[in-house]
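Visitor:
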């Protein structure tokens with residue numbers, strides 16, 4: 013059996029996504045150059061495009077294609093990018109560097125960063141409505157997708173996750189609270205990506221259910237791995253192997269259960285995700301490969 | 013002929029809108045109390061509800077009713093409120109008082125204000141999608157309304173208006189630029205309110221066209237009056253009749269063309285608006301009365 017070439021798959025899908033995102037930016041470029049430049053700066057900053065790739069791969073896994081899923085995939089990436097811009101603001105996480113580049117409010121200014129985040133969020137819904145208007149037989153699906161995505165990113169999802177994250181700074185969380193925080197902050201939108209793609213590919217209820225289980229597990233695995241990468245990054249920076257200082261700084265899996273147990277847990281989550289795909293055929297190979305990639309990645 | 017009782021009409025519609033907004037807040041109250049409280053604080057701060065009332069009145073003017081228009085009316089008020097919260101932030105207009113109460117970031121904190129604005133914007137689209145899902149014969153209309161509202165509030169509309177407003181501080185604008193700024197900042201969403209209502213009331217193309225002319229004119233009249241109220245407010249505060257200092261502070265109609273010409277202009281705009289309604293029957297009396305109210309109001 014030939015192994016699935018994830019690297020090639022990702023490069024194809026990322027090119028497709030980046031092309032469409034670029035088109036969306038060009039179609040929305042009539043306004044203030046500073047605003048447009050800030051939106052482009054953050055949207056094209058070299059993100060992994062994990063969410064839109066998952067959306068497309070989920071559509072493919074149930075027999076759909078990339079073309080039908082791309083508006084939802086791009087809308088989700090726009091929302092993900094807006095959330096990063098707002099989270100980085102001085103009043104929030106006060107981060108000055110993201111992906112090796114100055115964050116939006118450093119490269120531009122705070123007002124521009126707030127407004128460009130607002131604009132990316134708003135454009136996401138314009139794109140989804142446009143797709144629905146142009147798809148006469150799929151209008152109910154698009155309305156459902158708007159509901160799925162707005163719920164996942166709203167005050168019962170991503171925004172609530174950020175609110176909890178801010179208020180838990182310096183407070184020690186238990187594992188249950190940490191998982192709930194992560195589900196809200198990143199898991200909900202990852203699940204929405206998969207659900208949207210599966211809906212657009214006309215997946216059955218049972219297929220969508222299983223894909224949601226897949227998504228819940230890889231969402232958490234992604235976060236555990238992020239925590240591990242941060243700790244190992246910290247450790248490297250400090251020139252220590254164990255990074256014990258780094259461990260104590262924040263509510264992370266390595267801090268709560270240790271590095272080894274965190275690694276075992278991430279592996280377990282990926283196995284759960286793969287198990288949820290058991291009855292799918294080889295059209296879900298990209299999803300399988302992404303699950304493994306999530307814990308093997310180095311950034 | 014009995015005069016139309018606008019005061020009574022407004023009190024009825026505002027009660028309807030406030031009830032529904034309260035319900036929306038209660039349905040979205042599972043998250044952090046601080047976030048929920050901030051959303052409620054700003055949404056229920058005693059706004060005039062001009063946009064949602066216009067949405068409902070436009071639906072009625074073409075033969076629809078308030079019930080069919082209320083989800084769009086509320087979504088627009090959620091978006092209007094989010095824009096006020098974000099505009100008031102220290103990085104933007106840095107306002108500490110709105111409607112006689114501390115602004116959201118003063119009453120709570122900046123992070124909560126940013127996130128509650130984000131949440132109100134996001135909920136708006138959830139409500140619109142929900143309405144579309146439940147209206148099997150009107151799905152295309154709801155998708156169009158999502159597009160209308162996202163465009164009016166996005167980076168070719170309201171957000172661009174705020175961006176221009178910030179960047180024009182201290183720069184002298186001519187009348188054309190000032191009108192373009194106002195159309196973007198407030199006119200676009202006012203027009204979207206009227207268009208959405210008319211679509212939901214199943215207005216004809218020609219009716220919608222004329223209602224858009226009505227909306228364009230009252231949107232501008234609203235802004236000219238706002239400028240006049242500000243100048244007269246400033247004048248009162250400074251204990252001067254003419255308020256010349258106040259006049260020089262900002263790009264306003266009174267500053268550019270003088271107080272008297274501004275008043276004449278506002279009256280002219282209202283007359284244009286009334287003229288656009290000429291072929292409508294008495295179901296558009298609320299819209300007529302609102303046009304006159306807009307320049308007669310004291311706040």
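Chains as they are written, first to last, in this note's numbering: chain E, 13 to 311; chain R, 13 to 311.
Ideal Cβ positions, reconstructed from N, Cα and C, are used throughout, including at glycine.
Which residues, in chain order, does the segment 42-54 of chain R contribute to contact with chain E at a C-beta distance below 8 Å?
Guide: Of all residues in the segment 42-54 of chain R, 42, 43, 44, 46, 47, 48, 51 have a Cβ within less than 8 Å of some Cβ in chain E.
Visitor: Between which residues of its own chain and residue 307 of chain E is the CB-CB distance below 6 Å, once the five residues before and five after are set aside?
Guide: Start at 1 with the first residue of the first chain, and residue 307 of chain E comes out as number 295. 233, 237, 278, 282, listed in sequence order.
Visitor: Tell whether a beta-carbon distance below 8 Å holds between residue 42 of chain E and residue 93 of chain E.
Guide: For the purposes of this step, residue 42 of chain E is identified with residue 30 of the first chain, where counting begins at 1. For the purposes of this step, residue 93 of chain E is identified with residue 81 of the first chain, where counting begins at 1. In this structure, residue 93 of chain E does not lie closer than 8 Å to residue 42 of chain E by Cβ.
Visitor: Just how far apart, CA to CA, sit residue 83 of chain R and residue 74 of chain R?
Guide: On the second chain, residue 83 of chain R is found 71 positions in, with the first residue counted as 1. On the second chain, residue 74 of chain R is found 62 positions in, with the first residue counted as 1. Approximately 18 Å between the Cα atoms of the pair.
Visitor: Identify, in the order they occur along the chain, each residue of the same chain with its Cβ nearer than 8 Å to the Cβ of residue 122 of chain E, setting aside the five sequence neighbours on each side.
Guide: Within the first chain, the letter at position 110 stands for residue 122 of chain E. Correct list, in chain order: 101, 102.
Visitor: Taking 8 Å as the threshold, find out whether the segment 197-210 of chain R comes into contact with the segment 163-171 of chain R through three or more Cβ pairs.
Guide: They touch, by the three-pair rule.
Visitor: When you compare the segment 25-37 of chain E with the segment 107-124 of chain E, are there three or more beta-carbon pairs, one atom per stretch, that lie closer than 8 Å?
Guide: At 8 Å Cβ cutoff, the stretches do not touch.
Visitor: With H, G and I counted as helix, E and B as strand and the rest as coil, what does DSSP make of residue 110 of chain E?
Guide: If you number the first chain from 1, residue 110 of chain E lands on position 98. Residue 110 of chain E falls in the strand class under three-state DSSP.
Visitor: So, does the CB of residue 133 of chain E fall closer than 8 Å to a CB anywhere in chain R?
Guide: For the purposes of this step, residue 133 of chain E is taken as residue 121 along the first chain, with counting starting at 1. Interface residue, yes.
Visitor: Mark residue 299 of chain R as exposed unless 16 or more other C-beta atoms lie within 10 angstroms of its C-beta, in which case mark it buried.
Guide: Here residue 299 of chain R refers to the residue found at position 287 of the second chain. Its Cβ being crowded by 16 or more others within 10 Å, residue 299 of chain R is buried.
Visitor: With 7 Å as the C-beta to C-beta threshold (strictly closer), list the residues of the segment 97-126 of chain E near chain R in chain order.
Guide: The segment 97-126 of chain E vs chain R, Cβ under 7 Å: 98, 101, 103, 104, 122, 123, 126.
Visitor: By how many angstroms is the C-alpha of residue 77 of chain E removed from the C-alpha of residue 153 of chain R?
Guide: Indexing the second chain from 1 puts residue 153 of chain R at position 141. Indexing the first chain from 1 puts residue 77 of chain E at position 65. Going by the C-alpha atoms only, they are around 27 Å apart.
Visitor: Give me the subset of the segment 172-185 of chain E whose CB atoms are less than 9 Å from a CB atom of chain R, sorted by chain position.
Guide: Cβ contacts with chain R: 172, 174, 175, 176, 178, 179.
Visitor: Would you say residue 127 of chain E and residue 110 of chain E are within 8 Å of each other, going by their C-beta atoms?
Guide: As a working mapping, residue 127 of chain E is identified with position 115 in the first chain. As a working mapping, residue 110 of chain E is identified with position 98 in the first chain. Contact flag unset, no.
Visitor: So with CB distances below 9 Å, who are the chain E contacts of residue 40 of chain R?
Guide: Position 28 of the second chain holds residue 40 of chain R. Chain E residues near residue 40 of chain R: 166, 167, 168.
Visitor: Closer than 7 Å, Cβ to any Cβ of chain R: which residues of the segment 140-158 of chain E, in chain order?
Guide: The residues in question are 141, 142, 144, 145, 151, 152, 154, 155, 156, 158.
Visitor: Just the Cα atoms here: how many angstroms apart are residue 106 of chain E and residue 276 of chain R?
Guide: To locate residue 106 of chain E, count along the first chain from 1; it is residue 94. To locate residue 276 of chain R, count along the second chain from 1; it is residue 264. Approximately 49 Å, taken between the alpha carbons.
Visitor: Ignoring anything shorter than 4 residues or poking outside the segment 119-163 of chain R, list the alpha helix (DSSP H) runs there in chain order.
Guide: You should have 122-145.
Visitor: Please report the straight-line C-alpha distance between residue 262 of chain E and residue 182 of chain E, rounded to a whole angstrom.
Guide: Translated into positions along the first chain, residue 262 of chain E becomes position 250. Translated into positions along the first chain, residue 182 of chain E becomes position 170. Those two C-alpha atoms are separated by around 7 Å.
Visitor: Could you name the residues of the same chain whose beta carbon sits closer than 8 Å to that of residue 36 of chain R, not counting the 5 residues immediately before and after it, in chain order?
Guide: If you number the second chain from 1, residue 36 of chain R lands on position 24. So the list reads 86, 90, 135, 139, once near-sequence residues are dropped.
Visitor: Please confirm whether residue 51 of chain R and residue 131 of chain R have their CB atoms less than 8 Å apart.
Guide: The residue you call residue 51 of chain R lines up with position 39 of the second chain. The residue you call residue 131 of chain R lines up with position 119 of the second chain. Taking 8 Å as the Cβ cut-off, residue 51 of chain R and residue 131 of chain R qualify as a contacting pair.
Visitor: Could you tell me whether the Cβ atoms of residue 179 of chain E and residue 44 of chain R are closer together than 8 Å?
Guide: As a first step, residue 179 of chain E must be located in the first chain, where it is residue number 167. As a first step, residue 44 of chain R must be located in the second chain, where it is residue number 32. Yes, these two residues count as a Cβ contact at 8 Å.
Visitor: What does a CB cutoff of less than 7 Å around residue 124 of chain E pick up in its chain, not counting 5 residues either side in sequence?
Guide: As a working mapping, residue 124 of chain E is identified with position 112 in the first chain. Excluding sequence neighbours, residue 124 of chain E sits near 46, 47, 50.
Visitor: Just to confirm, is the Cβ distance from residue 67 of chain R to residue 165 of chain R under 8 Å?
Guide: Translated into positions along the second chain, residue 67 of chain R becomes position 55. Translated into positions along the second chain, residue 165 of chain R becomes position 153. Against a cut-off of 8 Å, the Cβ pair of residue 165 of chain R and residue 67 of chain R comes out as no contact.
Visitor: Can you pull the chain R neighbours of residue 163 of chain E, defined as C-beta to C-beta under 7 Å?
Guide: Here residue 163 of chain E refers to the residue found at position 151 of the first chain. Ordered by position in chain R, the residues that pass the 7 Å Cβ test against residue 163 of chain E are 138.
Visitor: Answer yes or no: do residue 243 of chain E and residue 271 of chain E have a C-beta to C-beta separation smaller than 8 Å?
Guide: Looking up residue 243 of chain E in the first chain gives position 231. Looking up residue 271 of chain E in the first chain gives position 259. Contact flag set, yes.
Visitor: To the nearest angstrom, report how far apart residue 156 of chain R and residue 273 of chain E are at their CA atoms.
Guide: The count along the second chain starts at 1 and reaches residue 156 of chain R at position 144. The count along the first chain starts at 1 and reaches residue 273 of chain E at position 261. The straight-line gap from Cα to Cα measures roughly 51 Å.
Visitor: Mapping the DSSP letters down to three states, classify residue 29 of chain R as helix, strand or coil.
Guide: Here residue 29 of chain R refers to the residue found at position 17 when the second chain is read from its first residue. Helix at residue 29 of chain R.
Visitor: Assuming residue 73 of chain E is part of the alpha helix (DSSP H), what are its boundary residues?
Guide: Within the first chain, numbered from 1, the residue matching residue 73 of chain E stands at position 61. It spans 62-73 - the alpha helix (DSSP H) in which residue 73 of chain E sits, taken as one unbroken run.
Visitor: Pick helix, strand or coil for residue 206 of chain E, following the three-state DSSP scheme.
Guide: On the first chain, position 194 is the one that residue 206 of chain E refers to. Helix.
Visitor: Which of the three DSSP states, helix, strand or coil, is assigned to residue 292 of chain E?
Guide: For this step, residue 292 of chain E is matched to residue 280 along the first chain. Note: residue 292 of chain E maps to coil in three-state DSSP.
Visitor: Using a Cβ-Cβ cut-off of 8 Å, state whether residue 34 of chain E counts as contacting chain R.
Guide: Residue numbering aside, residue 34 of chain E sits at position 22 when the first chain is read from its first letter. Taking Cβ atoms only, chain R never reaches closer than 8 Å to residue 34 of chain E, which makes this a no.
Visitor: For a contact defined as C-beta to C-beta under 8 Å, what are the partners of residue 239 of chain R on chain E?
Guide: Here residue 239 of chain R refers to the residue found at position 227 of the second chain. Within 8 Å Cβ-Cβ: nothing; residue 239 of chain R doesn't reach chain E, min ~22 Å.
Visitor: What does the Cβ neighbour count give for residue 108 of chain E, buried or exposed, with the cut at 16 atoms within 10 Å?
Guide: Walking along the first chain from the start, residue 108 of chain E turns up at place 96. Classification of residue 108 of chain E: exposed, given that the 10 Å Cβ count is below 16.
Visitor: Could you give the DSSP three-state label for residue 173 of chain R: helix, strand or coil?
Guide: The residue labelled residue 173 of chain R in the question sits at position 161 within the second chain. Helix.
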